[in-house]
Structure formats: structure tokens, C-alpha cells
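As given, the protein sequences belong to chains A and B, one line each in that order. Using the numbering used here, the first residue of the first sequence is number 1, and each one after it goes up by one. Using the numbering used here, the first residue of the second sequence is number 1001, and each one after it goes up by one. Idealized CB from N, CA, C, for every residue including glycine. Note sheet for the following structure.
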Amino acid sequence: MIAGKRKLKIVLGVIGSDVHAVGNKILENVLTEEGFKVINIGVLSPQEDFINAAIETAADLIVVSSLYGHGEIDCRGMREKCIEAGIGDMQLYVGGNLVVGKKDFTEVKKIFEEMGFNRAYPPGTSPQQLIDDIKKDFNIK
Amino acid sequence: MGIALLVDFGSTFTKLVAIDLEKEIFLGSSYYPTTVETDVMIGFKKALNELNKKISKKNIDIDYDLKLACSSAAGGLKIVAVGLVPLLTSQAAKIAALGAGGKVLKVYSYKLTADERDEIEILKPDLILLSGGTDGGNEKVIIHNAKVLSQLKIDVPIVYAGNKCSATIAKRILKENKKSVSIIENILPELNYLNIEPAKELIRKLFLSNIIKAKGLSKRMDFLSSVLMPTPSAVLKAGQLLAKGTDNEEGIGDLMLIDVGGATTDVCSYSLGLPGTGGFVVKGLPQPYMKRTVEGDLGIRFSAMNLLNTAKKENFMKKCKIKLKDLDKKVEKLSRNINFIAKDEKDIEVDKLLSAISTKIAINRHVGKFQTKYTPISPVNILYGKDLRDVPTVLGTGGGVIKAKNPKSILEKSIFDEDEPYILKPKSPKFLLDKYYIMFAVGLLAQKMPDLALRLLKKHLIYI
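So, in C-alpha cells, the structure goes:
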């Protein structure tokens, strides 16, 4: 879909010791329906699995989910690992219940942006929001 | 029908087996050191004379109606595997190469360097398996690697089994530099789909058409119908036949095969290896039904020193309370004297010990393992590899097992250990022994007459 030629490739998964599979399946379906090529590595995925999958499939974007509140710990160092693995300019999105408690999301967003994530989403974001942002970021009409 | 002569031009011994095809029985076997330096036929003829003598004692007319052979002489089928990510396509390439009966010299990942190219020239593989990228995935690295391989100063067939999108370009690059290249389906077309059968089949074809000739094995072998496959491949075929059966003959179901040899210890499992109990999440590369692993550091002759070092490193001697006088010296002698056949009590004891250690370590490495992760909800077991706890049968072959005084005591090392519950070995298997060394012979016969081959196996493998 980039420049109307090929499908955008997205690596999707739930990071860390998180087993929440439902949202992951919904995202896979919605993104595939939209015409993207989704490489879903599923739940309980360490950072390395996202990165290895992205290298082998030459993905354009990594979408990380985290629902159990430990997202900040699980995602730390991911951008640095991408740089080390030769895919430093990879687009990284993250979303879910990223931290425990009722922290203001602007604060949470800032934390993740400082960690090198291009976009961070609060709980309750509609999948359409994600799709719109992907299209905007990758210049897809 | 009549009598079939099955030959294995092995790395150390040339082994012959005679089978009566009408009565469907094993008639006899013989062996002689492989004479690859001069002419393999010299050793073959010596072994044949001995076999003929044995059979004529049984008052049977010797007339071999069917002659088939396999070979692992001159180093076997030596393969270099190239992939992209170590745990993904490089791993898949290794699994495919081993599954084709190859001997994997080295596995490379990411972009090949000039030094690595020089190293491949020194390794002198018989074949290079080039993979990398899922279909539609990474193209840069495999094209770079095709360029590097096109500069090789050695003449070696290259099998391209990577990203289909870069196949045409890679082929052109290699052809322009006069490299022999064959394109085949990607071994990992999707991240969660392993597709190694087409590549394995192509490797076998190349082995027959190019590699045997290049090794100078086939000059005077016209009287044998043909060398059909590399020896490991014949043994693997026999295992598959036994596990899966044929259209007319029932197999025995999931199976694990262990082959303790002089230079390597091979393990092959015929099982999907899906988790037998709940609470597991499967991770890593998808596993093939037939999975072969080869341990180059475990063997009871050529690799005996390495074996001892590995065992010491893994604290094996202490764990098993092994105290044998002069073990180091004895093992050192064995590693230099690769044709040695143990006769006195002490040597037999050393062989048994080495075979037992090889079996235990090789199987530990082969089977799947799990790690427990503690999630806020409950602990979850993450499984890497195959769960083989429910495999009902373990089959032993190879000199290290067959010639041992008590083969069962060696095969018992394959059983699940309560002290290491995360290593998913068979819990209560029955043990089969390839007492007459017929696995390779049956694998060869299976090409022509699978039903008969399977009945032979069932008759001549014995439960111990």
C-alpha cells in the first residue's frame, strides 16, 4: 500500500508476561481487514521476538500491546535494541493499560515517547484511531 | 523376487545386509573398513565375500536381484546453511539440511562477510543452502549473500530457498558468476510456517546427480542399481516408515530414534510434539513432525575427547557419581583409534559409559524445554521445541547402542527426569533395538517396496 504498490507490513504482539489475547486477535482482524499484512507473534512476546520478526519480514511498523500494567518496564530499551539490530528507524507504536493506576495519560505518553516510541495509546482507543494514524504516518490514501 | 543386497558406504565401515525378499527375513550382514582413499569397491568386495560365505552356510543360492546403496563416505553430505535471523531462517535452514540427511558444517546469519566467504572456501561444503527472509520479507540480506557466494572460488551447488521476491535477482547474480543454482520454495514463507520438504527433496536430488559423482564414489559402481541417498537419510526414512506406516501396514505411532555413532550422536523424533498437558504457550520456530538433530561433539570414537569435555563441563560425572580409573587416558586412545572394537571387560565398560553420556546429553538437547513465567494472573509455561513426554517408543541404533552389553541401560538415559522436569523427554517409553543393524537397509528397501520393508522392521526390531 506504500505508494499504492505493496502491502504495509505490521508486526503485532503482546509484550512481556502478558497473556491478554482478545485485544490482540481483534487488532489482527481489524488491521488485516484494512488491507495490511499482519505478522502476529501473539502473547508473552519478549522484545527480541518483535525485532527478529521485523527483520525477517522486513516490516514497516511494530505495534506493541500491553494490558497488565507493566508496559513501561517491558518496553524499556526496545528502541535501543532496534538500533543495535539495524532497524533503528522502525516505527514503534504502543497501546493498552501501559501503567498501573490512574496516571494522567499525557504523562504516560511522554514517558513512552522519551523511550523512543512514535505513538502511544491510552486504554479504550478505537482501532479506527490506530488505522487513521498508520495511514497518516505512512502516507497512505 | 529373491535376495536383496543393501549397502552402506559409511564413513568408517562399509556395511552389507542381505534380505530374503520372498520369506521377508534378514539373512545376514557383514562389514569392512571403508576404502575411500583407494577405491570404495575394494572394501565392498571384502565385505561381500564374507557375507556370501555366511549365506551359503544356510544353503541359499546367492543371487542378488536387487542392489541398493546409501553413502556417507568422504565426509557424507556436507552442507553450509545460510539464513538471516539466527532463531528464524538460519535455524530453519539447519533443520532442513539435517532433515535431508546432511552434515551441517556451519550455520551463518545476517550479511555474510568476506572472511566468512573465505571460511566457506576452506570448509569445502558439498552444497550451500541459502535462505533468508519470509516471502515478501527482507530482500537486502539474501541478495547481498548471493553476491558474496557468487565470488566463491570453489565449485559448489547452491540451493536458494529464501524470500521468493528476490529469487530472480539472486539467481541472475549467481548465474553470471557461473555458479550452479537451483531455486526452490522458501523454507520459511511465513513466520509461523515451516516449509522444509521441497528443499529437502531438492537436496536429495542434487546429492544423487552431482555430489556422489564429485566424490569419486560412483566410478565403478555400475553393477549396483544406484546409490539412492545419504546414509542418515536412509535411517530417517526407516524411522518414518515405522512410525507412520504405509497405506496397507499400520505404523507404531510416535517414535524417538537415537543413533550413537563414533563421530556423532543423532536423535530424530517423529511426533508433532504439541504440549501434552494444559498451561503451555508455544513459542519459537514451528517444529517439523520429523526433526533430526546431530551432535558433532558427542560420539564414542572420533568425538570421544569432546564428549568427555562436554560431560565434564555439564558436571555430568559428578551428578552420576562416575569414577573410572584412567578414563581420560582411555578416551584419548579411543579418539585416535576410530576402528577400535572393544573386547575386554574394561573397554566394554568405557564404551557403555560413553554411549550412556552421549544418549543423555543428545536427547536433552533435542527435546523441547519450558520456562515458567509468572504473570499477574497465574504462572504460564512457555514451551520452546517439542513436548515429547508422551512418546511411547524409543528406538536405539548405531554401534554405541547395538554393540553395548546392556543396550537397555543406555536407552534408559532417554527417560524424563523428575529432577529436571522442564526437559520434556519421554516419561514411560518402551525400548526397541535395531539388533541386526537393518535400519539403513530398510530405509533403502522402502523406496521400492514399503509394505515389505515395514514388515521386515516389525519382525527384526526387538523390544528390550
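Original post:
Which chain B residues sit within Cβ distance under 7 Å of E56(A)?
Top reply: L1084, V1085, L1088, T1089, G1133, T1134, G1137, N1138, L1191
Original post:
Which residues in the same chain as A1004(B) place their Cβ atom closer than 6 Å to its Cβ, once the five residues preceding and following it in sequence are excluded?
Top reply: I1019, L1021, L1066
Subject >> alpha helix (DSSP H) runs contained entirely in the stretch 1387 to 1414 of chain B, provided each spans 4 or more residues >> reply: 1399 to 1402, 1407 to 1411
**OP:** Quick one: list the residues of chain A neighbouring V1281(B), beta-carbon separation under 9 Å, in chain order.
**Re:** V19, G42, V43, L44
**OP:** Between the Cα of V11(A) and those of K102(A), I51(A), P122(A), spot the shortest distance and give me the residue it belongs to.
**Re:** I51(A)
Subject >> Length-filtered (3 minimum) beta strand (DSSP E) runs lying within the stretch 1264 to 1307 of chain B >> reply: 1265 to 1270, 1280 to 1283, 1290 to 1295
Original post:
At which residues does the beta strand (DSSP E) containing G992(B) begin and terminate?
Top reply: Outside the shown range of chain B (1001 to 1464) lies residue 992(B), about which nothing can therefore be said.
Original post:
Do Q91(A) and the ligand GDP come close, with the Cβ less than 7 Å from some heavy atom?
Top reply: This structure lacks the ligand GDP, and indeed carries no ligand of any kind.
Original post:
Nearest to D1254(B) by alpha carbon, out of P1392(B), I1154(B), T1246(B)?
Top reply: P1392(B)
Subject >> Contacts of N52(A) in chain B (Cβ-Cβ under 7 Å) >> reply: V1085, L1087, L1088
**OP:** Give the single residue among I1055(B), S1150(B), P1232(B), T1034(B) whose Cα lies nearest to the Cα of G1028(B).
**Re:** I1055(B)
Original post:
Within this structure, are the beta carbons of S1072(B) and T1231(B) separated by less than 8 Å?
Top reply: yes
**OP:** Could you work out which residue in L1308(B), P1376(B), A1441(B), L1274(B) is closest to F1370(B) when comparing CA atoms only?
**Re:** L1274(B)
Subject >> Pick from S1131(B), G1262(B), L1084(B) that is closest to V1159(B), judged by C-alpha positions >> reply: S1131(B)
Original post:
Would you say K135(A) faces chain B, with C-beta separation under 8 Å as the test?
Top reply: no
Original post:
Just to confirm, are L1206(B) and S1233(B) a CB contact at a threshold of 8 Å?
Top reply: no
Original post:
At a cut of 8 Å, does the stretch 64 to 80 of chain A reach the stretch 1109 to 1116 of chain B through at least three beta carbon pairs?
Top reply: no
Original post:
What's the call for E1172(B), buried or exposed, on a 16-neighbour Cβ count within 10 Å?
Top reply: Reading off the sequence shown, one finds Arg at residue 1172(B), where the question assumed Glu. With fewer than 16 other Cβ atoms within 10 Å, it is exposed.
Subject >> Proximity to V1107(B) [Cα-Cα], best of K1312(B), G1296(B), I1079(B), S1303(B) >> reply: I1079(B)
Original post:
Quick one: is P1288(B) buried, meaning 16 or more other Cβ sit within 10 Å of its Cβ, or exposed?
Top reply: buried
**OP:** Pull out every residue of the stretch 1339 to 1373 of chain B whose Cβ sits closer than 7 Å to any Cβ of chain A, in chain order.
**Re:** K1373
Original post:
Between G1137(B) and A58(A), is the Cβ-Cβ spacing less than 8 Å?
Top reply: yes
Original post:
Can you list, in chain order, the residues of its chain whose CB lies under 6 Å from that of L1257(B), leaving out five sequence neighbours each side?
Top reply: G1239, C1268, L1395
**OP:** Determine the DSSP secondary structure at F1013(B), reduced to helix, strand or coil.
**Re:** strand
Original post:
CA-CA distance, T1375(B) and V99(A)?
Top reply: 15 Å
Original post:
Is the CB of T1265(B) under 8 Å away from at least one CB in chain A?
Top reply: no
Original post:
Between which two residues does the beta strand (DSSP E) containing M1041(B) stretch?
Top reply: No beta strand (DSSP E) holds M1041(B); the alpha helix (DSSP H) holding it covers 1040 to 1056.
Original post:
Is the stretch 1347 to 1364 of chain B close to the stretch 1299 to 1310 of chain B, with three or more CB pairs under 8 Å?
Top reply: yes
**OP:** Compare the C-beta of I15(A) with all C-beta atoms of chain B and state if any pair is closer than 8 Å.
**Re:** no
**OP:** Pull up the CB-CB distance for V1367(B) and G1385(B), whole angstroms please, since I reckon it's below 8 Å.
**Re:** 6 Å
**OP:** Kindly indicate which three-state DSSP category L1087(B) falls into: helix, strand or coil?
**Re:** helix
**OP:** Under 9 Å between beta-carbons, which chain A residues line up against I1169(B)? List them in chain order, please.
**Re:** Ordered by position in chain A, no residue passes the 9 Å Cβ test against I1169(B), which lies about 15 Å from the chain.
**OP:** Give the single residue among K1346(B), Y1436(B), D1387(B) whose Cα lies nearest to the Cα of V1282(B).
**Re:** D1387(B)
Subject >> Span separating the alpha-carbon of E1037(B) from that of A1074(B) >> reply: 9 Å
Original post:
Are there 16 or more other CB atoms within 10 angstroms of the CB of T1397(B), so buried, or fewer, so exposed?
Top reply: buried
Original post:
Does any CB atom of chain B fall closer than 8 Å to the CB of I73(A)?
Top reply: no
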